[in-house]
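Reviewing the structure listed below.
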Amino acid sequence: MGQKGLPCIVHSHGNPLAHIILRGSNKGTNYDAESIQQIRQQHQGKLPALLIDCSHGNSSKDPLKQPLVLQQIIEERHVTQVRGVMLESHLVDDGCLGWNKTEQLLLDVAEQLSEKTLAFSA
Numbered sequence: 008m009g010q011k012g013l014p015c016i017v018h019s020h021g022n023p024l025a026h027i028i029l030r031g032s033n034k035g036t037n038y039d040a041e042s043i044q045q046i047r048q049q050h051q052g053k054l055p056a057l058l059i060d061c062s063h064g065n066s067s068k069d070p071l072k073q074p075l076v077l078q079q080i081i082e083e084r085h086v087t088q089v090r091g092v093m094l095e096s097h098l099v100d101d102g103c104l105g106w107n108k109t110e111q112l113l114l115d116v117a118e119q120l121s122e123k124t125l126a127f128s129a
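Start counting at 1 in the sequence shown, then tack on 7, and there's your number in the numbering used here.
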């Protein structure tokens, strides 16, 4: 939008701090180590931050599979070096985990990561 509130074309040099969100698709998931390695090769030298959407195509559009996706991401995090994840917790237009399940999932993940961090540093 331009200064007068109308659509306009803007040219920029891009954002070197941008990130990539992996959502998967109707053809399958893309949060596994092999898919992530492929993406890193495509963006060689740019080191994009990767975020993984645990919903949508990565869960086959089944919100109850989000915890399984998240668990696999945690197990492979030393290989994939993912910066963050997205969960659908409370939306009006999509199936979601709900607040209570999300809260418990995040508490469980925090405990897991804390234990694994201690194990790696020992």
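Cβ atoms here follow ideal geometry from the backbone N, Cα and C, with glycine treated the same way.
Check: Terminal residues of the continuous beta strand (DSSP E) containing Ile-28?; Outcome: 26 to 29
Check: Do Ser-7 and Glu-110 have their CB atoms nearer than 8 Å?; Outcome: Outside the shown range of the chain (8 to 129) lies residue 7, about which nothing can therefore be said.
Check: Less than 8 Å between the beta carbons of Gly-64 and Arg-30, yes or no?; Outcome: yes
Check: Which partner residues of Met-93 appear in the DSSP bridge assignment?; Outcome: Asp-60
Check: Assess, as a yes-or-no matter, whether the segment 112 to 124 is touched by the segment 74 to 83 under the definition of 3 or more beta carbon pairs within less than 8 Å.; Outcome: yes
Check: So, do the segment 34 to 46 and the segment 10 to 21 have three or more beta carbon pairs nearer to each other than 8 Å?; Outcome: no
Check: Who are Gly-21's beta bridge partners in DSSP?; Outcome: Paired residue(s): none; Gly-21 is not in a bridge.
Check: Looking only at DSSP bridge pairs, what is Gly-35 linked to?; Outcome: Ser-32
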